[in-house]
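For reference, the structure is listed below as structure tokens.
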Amino acid sequence: MILANSLLVLCSYGIGSIPTGLLLAKAFGGVDIRTKGSGNIGATNVYRTLGRKVGILTLIGDCLKGLLPVLAAKAFDLPDLWIALVGLAAFLGHIFPVFLRFKGGKGVATALGVFLATSPFAVLAALVVFIVVLATSRFVSLASISAAAAMPALTALIDRNPIVVAMSLVIAIIVIAKHHGNIKRLKNGTENKFKA
């Protein structure tokens, strides 16, 4: 059982490592997204570089990388700890993808997929936070940081599952840490605002 569960965690990491934005940017735009804009492989940079269609496809693809492995773990009726490990593996795969020498994205969309499978009501509340911050500031980075920071409290209030809360705390810390460059630009007033 432990071996099978460990293999599922490893497979989840492999799925998370699939560089959706890079593949879609090459397929639809013939460009290496790592050389454009912010250099990030995530949906926001793809959106800004190649437009709404490819950006939304990237968002969906990155989200599915987190959602599908966790749904599989739940379908196999794994214990909560293993489900959380599967989710974390997919999330870490996106951030540290084996296919890109461990240089990936910031994990927001993949984390969204993980939480859609484990904590859908907390996701709805975090989405409200995201939308309010984005609407008032026009900074995707600030909205992402705010939603990530809210997730541990939201899962604690709504799910009340210590394993899910611990997972959300780990993810929140990593997401915020991955936005260190954005945080510096926000402080300096040089961060790019979102244009629909």
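In this note's numbering, the protein residues as written are 147 to 342. Think of the CB as a built atom: it goes at the ideal place given N, C-alpha and C, for glycine as much as any other residue. Every value quoted in this text rests on a predicted model; they were computed, and no experiment measured them.
Q) If you follow the alpha helix (DSSP H) that V254 is part of, which residue opens it and which one closes it? A) Where V254 is concerned, the enclosing alpha helix (DSSP H) stretches over V254 to T264.
Q | Assigned secondary structure, D226 (DSSP; H/G/I helix, E/B strand, else coil) | A | Here D226 sits in helix by DSSP.
Q. Between which two residues does the alpha helix (DSSP H) carrying P298 extend?
A. Per DSSP, the unbroken alpha helix (DSSP H) holding P298 starts and ends at V286 to I304.
Q) Which runs of the alpha helix (DSSP H) fall wholly inside the segment 306-342 and span at least 4 residues, in chain order? A) You should have 308-324 and 326-334.
Q | Complete alpha helix (DSSP H) runs within the segment 168-239 (minimum length 4 residues, chain order) | A | For the alpha helix (DSSP H) assignment, the uninterrupted runs of no fewer than 4 residues enclosed by the segment 168-239 are, from N- to C-terminal side, 189-196 and 198-221.
Q. Going by other Cβ atoms of all chains shown within 10 Å of its Cβ, with 16 needed for buried, is L300 buried or exposed?
A. When all chains shown are included, L300 counts as buried.
Q | Where the alpha helix (DSSP H) through V155 begins and ends | A | It spans I148 to G162 - the alpha helix (DSSP H) in which V155 sits, taken as one unbroken run.
Q) S290 to R247, Cα distance in whole Å? A) Spanning the two alpha carbons is a distance of roughly 25 Å.
Q.
So the candidates are L149, N151 and G162; which of them puts its Cα closest to the Cα of G259?
A. Measuring from the Cα of G259, the nearest candidate turns out to be G162.
Q | Collapsed DSSP secondary structure at F267 in the structure displayed | A | F267: helix per DSSP, three-state reduction.
Q) With distances taken between CB atoms, is the gap from A272 to M297 smaller than 8 Å? A) In this structure, A272 lies near M297, with their beta-carbon atoms less than 8 Å apart.
Q: Give me the Cβ distance between K172 and G253, rounded to the nearest whole Å; I'm assuming they're in contact under 8 Å.
A: Contact between K172 and G253 does not hold, since their C-beta atoms are separated by about 21 Å, which reaches or exceeds 8 Å.
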